[in-house]
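Residue numbers (our numbering): 42 to 278. Structure first, then comments.
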Ligand code: SAH
């Protein structure tokens with residue numbers, strides 16, 4: 042029996058269409074480029090990447106995968122957009138990044154293939170694009186080794202996040218194409234904590250990513266009301 046894929050083809054198509062602009066820091070992907078040093082730094086505050094086997098789930102054009110490889114990790118980036126993966130591979134060639142590989146496979150499929158393989162798993166800005174985010178969280182939990190770390194980021198669901206992430210970013214400032222995000226798919230920290238708990242991951246830390254539309258700057262803060270990250274640990278057996 043073939044397992045039903047936890048993929049929304051319309052979501053993947055949105056990213057495929059824009060894929061050629063992924064490494065243009067002034068494109069629709071500018072916010073990902075801007076937050077990348079912040080999230081990389083936050084991850085590195087908690088784990089040493091050098092020499093580690095890292096999986097980046099929903100890696101897209103590879104902005105985070107590439108940076109983690111440059112920090113010395115052995116990175117596998119996975120995504121369901123062949124176009125985004127093509128761009129990621131091309132970028133690794135052009136930028137001469139070693140230690141990074143990309144593959145079109147779902148988190149669930151990879152979990153069935155090689156459980157407990159990675160020291161670190163990252164899954165950033167991806168859960169709000171899949172039909173069943175809890176299933177991705179479970180797959181990440183099974184892919185990480187006992188004692189390993191899993192990092193998630195997503196968008197919170199409340200009136201402020203609707204205003205900032207959809208009305209502001211897509212309609213007022215035009216930072217993102219209209220329809221990039223669907224409010225109903227946003228995930229509250231409580232919901233994400235429940236998904237991780239059900240997957241037997243322990244939440245270690247949570248951090249907000251704040252944005253000032255006047256200065257165009259992002260910074261890490263305690264405010265998780267819009268964009269936020271969660272660090273979890275798979276307990277040793
Ligand atoms: N994690 C990257 C890219 C985020 S954009 C970063 O933060 O820089 C969201 C990505 O999720 C896109 O590349 C899209 O193709 C991917 N995606 C959407 N649904 C997916 C699924 N079911 N499985 C894997 N990747 C998926």
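Using N, Cα and C, we set each Cβ at its ideal position, and we do this for glycine too. These numbers come from a predicted model, not from an experiment.
- Item | Secondary structure of residue 87, DSSP reduced to three states | Residue mapping note: residue 87 aligns to position 46 of the chain shown, counting from 1. Collapsing the DSSP output to three states places residue 87 in a helix.
- Take residue 258 and list the residues in its own chain whose beta-carbon comes closer than 6 Å to its own, dropping the five residues that flank it on each side. Here the question's residue 258 lines up with position 217 in the chain shown. Counting only Cβ-Cβ distances below 6 Å, and skipping sequence neighbours, we find nothing.
- Message: Please report the distance separating the alpha-carbon of residue 90 from that of residue 81.
- Response: Numbered from 1 along the chain shown, position 49 holds the residue referred to as residue 90. Numbered from 1 along the chain shown, position 40 holds the residue referred to as residue 81. Each residue's Cα considered, the two are about 10 Å apart.
- Item | Check: residue 101 C-beta below 7 Å from any heavy atom of the ligand SAH | To locate residue 101, count along the chain shown from 1; it is residue 60. At least one heavy atom of the ligand SAH is nearer than 7 Å to the Cβ of residue 101, so yes.
- Item | Whole-angstrom distance between residue 144 and residue 134, CA atom to CA atom | Position 93 of the chain shown, counting from 1, holds the residue named residue 134. Position 103 of the chain shown, counting from 1, holds the residue named residue 144. For the pair residue 134 and residue 144, the Cα-to-Cα distance works out to about 15 Å.
- Task: Count the other C-beta atoms from every protein chain shown that fall within 10 angstroms of the C-beta of residue 268, then say buried if there are 16 or more, exposed otherwise.
- Result: Here residue 268 refers to the residue found at position 227 when the chain shown is read from its first residue. Buried, by the Cβ-count rule.
- Measuring CB to CB, does residue 240 end up less than 8 Å from residue 179? Working through the chain shown from its first residue, we reach residue 240 at position 199. Working through the chain shown from its first residue, we reach residue 179 at position 138. Yes.
- Task: Give the straight-line distance between the Cα atoms of residue 235 and residue 182, rounded to the nearest whole angstrom.
- Result: By one-based count along the chain shown, residue 235 stands at place 194. By one-based count along the chain shown, residue 182 stands at place 141. Computed Cα separation, rounded: 13 Å.
- Query: What runs of the beta strand (DSSP E), each 3 residues or longer, lie entirely inside the segment 92-146?
  - Reply: 94-98, 115-120, 141-145, all fully within the segment 92-146.
- Query: Rounded to a whole number of angstroms, what is the C-alpha to C-alpha distance between residue 51 and residue 59?
  - Reply: Here residue 51 corresponds to residue number 10 of the chain shown, with the count starting at 1. Here residue 59 corresponds to residue number 18 of the chain shown, with the count starting at 1. In this structure, the alpha-carbon of residue 51 lies about 13 Å from that of residue 59.
- Message: Here's a check: name, in chain order, each residue in its chain whose Cβ is nearer than 7 Å to the Cβ of residue 248, leaving out the five neighbours to either side.
- Response: Locating residue 248 in the chain shown gives position 207, where the first residue counts as 1. Cβ contact annotation for residue 248 (same chain, cutoff 7 Å, sequence separation greater than five): 83, 261, 269, 270, in chain order.
- Got a sec: does the ligand SAH put a non-hydrogen atom nearer than 7 Å to the Cβ of residue 84? On the chain shown, residue 84 is found 43 positions in, with the first residue counted as 1. Result no, Cβ not under 7 Å from the ligand SAH.
- Message: According to DSSP, residue 79 sits in a beta bridge with which residue or residues?
- Response: The residue you call residue 79 lines up with position 38 of the chain shown. Bridge pairing for residue 79: absent [DSSP].
- Using 8 Å as the threshold, is the segment 151-164 in touch with the segment 120-129, meaning 3 or more CB pairs across them? No: fewer than three Cβ pairs fall under 8 Å.
- Message: Quick check: the Cα distance between residue 105 and residue 86, rounded to an integer number of angstroms?
- Response: Residue 105 sits at position 64 when you count from the first residue of the chain shown. Residue 86 sits at position 45 when you count from the first residue of the chain shown. Taking the straight line joining both Cα atoms gives about 15 Å.
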